[in-house]
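Trainee: Numbering (the numbering used here), first residue to last: 202 to 1175. The beta-carbon is built from N, C-alpha and C at its ideal position, and this holds for glycine as well. Since we're looking at a predicted model, the values are computed, not measured. Quick one: structure below, then a few questions.
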Amino acid sequence: MADDAEKPARDYRETVFLPETPFPMRAGLPQKEPQILAKWDEADLYHAIRAERQRAGAPLFVLHDGPPYANGAIHIGHALQKTLKDFVVRSRFLLGYDVDFVPGWDCHGLPIEWKIEEELRAKGRRKDEVSKAEFRQRCREYAAHWIEVQKAGFKRLGVLGDWENRYATMDYGSEAAIVAEFHKFVASGQLYRGSKPVMWSPVERTALADAEVEYHDHVSPTIWVKFPVVEGSDAARHASVVIWTTTPWTIPANRAVSYNPDIAYAVYEVDTMEEGLAFEPWAKPGDRLILAENLAGDVMKAAKVAAFRKVESVDCQGVVLEHPLAGLDGHYGFQVPMLAGDHVTDDAGTGFVHTAPGHGADDYLVWLAHGHREIPDTVDPDGAYYPHVPLFGGLKVLETEGKKAGKFGPANDAVIQKLIEAGRLLARGRLEHSYPHSWRSKAPVIFRNTPQWFIRMDEPVQTEALGGRTLREAALEAIEATAFFPAQGKNRIRSMVESRPDWLISRQRAWGAPLAMFVDKETGHPLHDPEVDRRIIEAIRAEGADAWFNRPVTDFLGSHDPERYEKVEDILDVWFDSGSTHAFTLENRAHTRWPADLYLEGSDQHRGWFQSSLLESSGTRGRAPYDAILTHGFTMDEAGEKMSKSKGNTVDPDQVIRESGAEIIRLWAAMIDYADDSRIGKTILQTTSDAYRKLRNTVRYMLGALADYSPDEAVELAEMPALERFILHRLWELDAQVRQGYETYVFQDVVRPVLDFCQNELSALFFDIRRDSLYCDRPDALRRRAARTVMEAVFERVTAWLSPLIPFTMEEAWATRYPEGRSNSLRVIPTTPAEWRNDAEAARWAKVQQVTSVVTGALEVERREKRMGAALEAAPQVHVANADLLAAFEGLDAAEVFRTSQATLLAGDGPAGAFRLPEVAGVSVEPLRAEGRKCARSWKILPEVGADPRYPDLTLRDADAVAAWDAAHGKVDA
């Protein structure tokens, strides 16, 4: 029989309380998320939360959805925006609100028309070969398809909302409501028809609002043109005023030349020309030119003049000019007046502005200011000169068909050649400059005089809504009453509203809500008859906007004479559509209210949806339809470049979801400062995935450590050890931070502190110190019970706090802990007791961790030099000269804090050779080895190992724990 020393040691693994949980380390989000979504759908989660909040009498919060355009699959910008909205919805639910959020879509307008035209062209059909009814139906079907595609994409991201009752601007009820809003402007007298130059897209054949225009670099021809003086001083009468322009095609529409009385002008005579030129310049010695004194040198250089002299100063008031094309066709034989205008500068050009009132906003205004009314029409809707324009009839300013669509046509060159023929061209060149383009077709636009419908910005209106204010005044007052996140958004939209022109609301297209009204042919005034309006609205509500285009006018006019009235068939600007969504989404619906608490969109919507909603609502209701506006920046690639398919630097959210899960997009959105432009790409997403993995492991550890936890083992605050009191204090601090972050929509102020807490105080401190206790203490030990009590409090809060941001993972964690429980999303943020605040423990542990960092540093050196392995092999002797740091360890087990088997704290500086860190003064460490035997269960090295004869290879603590385990499992030896 072998003696006891030769017997194999007992395997104590079964007595160690290792974490156990089915919550997997690998998330498998692409597979797990759809399962969670299915459960949410089955439970009708959004309405279930609302019903529960309403039963509790919760306050209402309304987030009105700015409608994305129903054209194409969602992109990463969509994903960011809808995710931010979901953060708002879920966080308000968490804070105890009843939240109304109805997703919606913008369906009318040019992009869809373009797609349908492309489809028709692919089938060999032209748009004008298709009836308006068929064309509109194709547009409607196209938009309906993409609504469903985008809805599926948004729901896959985990976005909560009233999806089954979504709104769309093309719904019959929506179209009726939009037209009803339009009728309010008609009835109030704010609407008028004007003939003025507007930005016009020949390619799209429609007028564009400011919000539909973007600026790109463009190379334009530049010309210096001579206008001979026919009336003026003696010196001026034998000279020519020189203008400079980048739009030669507008010369046939010239009716004046503008000057600024504050600019000094003079007559200059050409003496000599440059020699050795490869061409013969158009200027000649003896030519007399009138120029701004500050620009004379630049103009002469462009004209290849070698020497010139000033003849005399000139006063331009009362000067009359001859049109430069007068010698070629009698049509241009009219006099060209010089008009004073503040818009003229001597920063560039010649100091004069060629003025074509039909093709420029400043030109138009200065023309009217001097008493002129007639505006010439020179360019047709297709971007060609009208046939009646002498010398140039039919020539294209912009090409609208074929491969050259969007390119400038022959008009510029034709005008230049005629100016050369007339002897009126002084010089020519080319200039790269910022030029307006349609944001949809990307083609250049032109200013073109057209009859359009406008809403007045600056006429006082005596309605209940405006009360004698102008629309601009009401809108600016509404801006002041609105909260902005970030705050600088207020200045941006205010500056836009302060300077914007009257609101152009008509478009000459087919797919949209109509300007459904009749105009008196004799007076030119819109017909305002409530009965006519009622019949129009009822027809559109029953049949959609098609009713306006398809039904005979007699269905609407009633007793009015159809011969007297013109039916307007323009459609409304799509910004008027989307600006009216508050009227049919927030009003006349149960469980919501007007105005909305919040509108949330990209920062570009200061000139778009925020502004159109502001103007529409201010004009009809006297205030904004929102109390607050939140804006986010654009999504850029990892290098900060704008994303473009042609560059190949786009991020497809669908691909990210398939590879990593929607949770990774959501965590990225939570961690960024969304108010600025945000970068995203493979590296950034990998970093986000790493942060997610660390968080998941923290949650997994808690679930494992809380296995079989019962409230019966909870420990009261007064009995808690110091470490647990510190963690509860941190929960108290974080609770305030989380609430503040959600209240102010600063989501990174929620996720980053919570992630830091999980990584630092939990994983690196609390879990690390308490791992030994959780694994090896007996179940009824106070220290172990206290740790699990606090861990339960942490789990309850972290799963709630992060639920709005990463709801899939928090739902999975909650369901793992409470498999028969309710959805985590139904919870309200837990109350955190005020008595958990403990500033003294916070101060203590800040000091403890300073000392611990020196001990850790010393042990790392020992491991690196292979003098020591695990920290449990150590018994550091720690010298602390700072009395406050030393006092911080009062009542603590230093070895437990340092995660070593033994430790000694001594007052004083310590020996010269001891390990020190320069950033922690007064602390030094001698990394001594622990003495004693190694415990077979906890691996601690202590002299007491074997002191309990029942368990000769265990510490006394471990022996006691194993004895309790043996008793509980019927393994007590006889």
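Only counting the same chain, and skipping five residues up and downstream in sequence, which positions put a Cβ closer than 8 Å to that of His524?
Mentor: Result list for His524: Phe428, Asn455, Tyr533, Gly534, Phe535, Val537, in chain order.
Trainee: Which of the three DSSP states is assigned to Asn650 in this structure?
Mentor: Note: Asn650 maps to strand in three-state DSSP.
Trainee: Can you look up Phe553 in the DSSP assignment and give me helix, strand or coil?
Mentor: Three-state DSSP puts Phe553 in coil, outside helix and strand.
Trainee: Does DSSP put Tyr943 in a helix, a strand or coil?
Mentor: If DSSP states are grouped into helix, strand and coil, Tyr943 belongs with the helices.
Trainee: Do Val458 and Ile491 have their CB atoms nearer than 7 Å?
Mentor: Cβ distance not < 7 Å, so Val458 and Ile491 don't count as in contact.
Trainee: Going by the beta-carbon positions, is the gap between Tyr875 and His833 smaller than 7 Å?
Mentor: Yes, the Cβ-Cβ distance between Tyr875 and His833 is below 7 Å.
Trainee: Anyone know if the C-beta pair for Ile1030 and Leu296 falls short of 7 Å?
Mentor: Cβ distance < 7 Å, so Ile1030 and Leu296 count as in contact.
Trainee: Among the residues of its own chain, which have a CB less than 8 Å from the CB of Asp1110, if the five just before and after it don't count?
Mentor: Answer for Asp1110: His1080, Ala1082, Gly1123, Ser1125, listed in chain order.
Trainee: May I ask you to report which of helix, strand or coil DSSP gives Arg211?
Mentor: In this structure, Arg211 counts as coil in the three-state DSSP scheme.
Trainee: Alpha carbon to alpha carbon, what distance is there between Arg1064 and Ala1071?
Mentor: Distance between the alpha carbons of Ala1071 and Arg1064: 8 Å.
Trainee: Could you give the distance in angstroms between the alpha-carbon of Glu207 and the alpha-carbon of Phe1099?
Mentor: Caution is warranted here: a pLDDT of 39 is assigned to Glu207, below 50, making its placement in the model unreliable, and the coordinate value is therefore given only provisionally. Those two C-alpha atoms are separated by around 35 Å.
Trainee: Smallest Cα separation from Glu342: which of Leu358, Pro225, Ala369?
Mentor: When only C-alpha atoms are compared, the closest one is Ala369.
Trainee: When the Cα of Ala1095 is compared with those of Tyr766, Arg1117, Leu1106, which residue comes out closest?
Mentor: Measuring from the Cα of Ala1095, the nearest candidate turns out to be Leu1106.
Trainee: I think Leu592 touches Asp530, with their Cβ atoms under 8 Å apart; what is that distance to the nearest whole Å?
Mentor: Confirmed, Cβ separation roughly 6 Å.
Trainee: Kindly indicate the opening and closing residues of the beta strand (DSSP E) around Ser441.
Mentor: That run of the beta strand (DSSP E) goes 441–446.
Trainee: Using the Cα positions of Asp205 and Arg1151, report the straight-line distance between them to the nearest angstrom.
Mentor: In this prediction, Asp205 scores a pLDDT of 41, lower than 50, which makes its location untrustworthy; the coordinate-derived value is nonetheless stated afterwards. In a straight line, the C-alpha of Asp205 is about 12 Å away from that of Arg1151.
Trainee: I'd like to know whether the C-beta atoms of Pro1005 and Ser292 end up nearer to each other than 7 Å.
Mentor: Contact: yes.
Trainee: So, for Phe996: in the same chain, excluding its five sequence neighbours on each side, which residues have a beta-carbon less than 6 Å away from its beta-carbon?
Mentor: Excluding residues within five positions, the ones whose Cβ falls inside 6 Å are Met903.
Trainee: Along the chain, where does the beta strand (DSSP E) that runs through Gln536 open and close?
Mentor: 536–541 is the extent of the beta strand (DSSP E) around Gln536.
Trainee: I need the DSSP call for His1080, collapsed to helix, strand or coil.
Mentor: His1080 falls in the strand class under three-state DSSP.
Trainee: Just confirm the distance between the C-beta atoms of Val545 and Asn461, as a whole number of angstroms; I'd bet it's less than 8 Å.
Mentor: About 4 Å; that satisfies the 8 Å criterion.
Trainee: Could you check if Ala606 is buried or exposed, using at least 16 other CB atoms within 10 Å of its CB as the buried criterion?
Mentor: The residue is exposed, with fewer than 16 neighbouring Cβ atoms inside 10 Å.
Trainee: Residue range of the alpha helix (DSSP H) that Leu975 falls in?
Mentor: Residues 969–977.
Trainee: Give the single residue among Phe302, Leu632, Thr651, Ser974 whose Cα lies nearest to the Cα of Asp578.
Mentor: Nearest option by C-alpha distance: Thr651.
Trainee: Roughly how many whole angstroms lie between the Cα atoms of Phe958 and Gln941?
Mentor: For Phe958 and Gln941, the distance between alpha carbons rounds to 17 Å.
Trainee: Please confirm if Gln709 has its CB atom under 7 Å from at least one CB of chain C.
Mentor: No chain C appears in this structure, which consists of one protein chain only.
Trainee: Under three-state DSSP, which class holds Trp425?
Mentor: In this structure, Trp425 counts as strand in the three-state DSSP scheme.
Trainee: Is it true that the segment 378–389 meets the segment 347–364, where meeting means three or more beta-carbon pairs spaced less than 8 Å apart?
Mentor: Short answer: they don't touch.
Trainee: Helix, strand or coil: which one does DSSP assign to Glu1091?
Mentor: If DSSP states are grouped into helix, strand and coil, Glu1091 belongs with coil.
Trainee: Helix, strand or coil for Ala915 per DSSP?
Mentor: Ala915 falls in the coil class under three-state DSSP.
Trainee: Do you know offhand how far Ala1162's Cα is from Glu860's?
Mentor: Straight-line Cα distance between these residues: approximately 46 Å.
Trainee: Going by CA-CA distance only, name the one from Ala863, Leu758, Trp869, Leu907 that's closest to Arg735.
Mentor: Looking at the Cα atoms, Leu758 is the closest of the given residues.
Trainee: What number of angstroms, rounded off, separates the C-alpha of Leu868 from the C-alpha of Lys328?
Mentor: Using only the alpha carbons, I get a separation of about 46 Å.
Trainee: Assuming contact is defined by CB atoms lying nearer than 7 Å, are Arg926 and Asn1039 in contact in what I supplied?
Mentor: In this structure, Asn1039 lies closer than 7 Å to Arg926 by Cβ.
Trainee: Between the C-alpha atoms of Ala863 and Glu413, what's the straight-line distance to the nearest angstrom?
Mentor: C-alpha separation (whole angstroms): 32 Å.
Trainee: So for Val567, helix, strand or coil by DSSP?
Mentor: In this structure, Val567 counts as helix in the three-state DSSP scheme.
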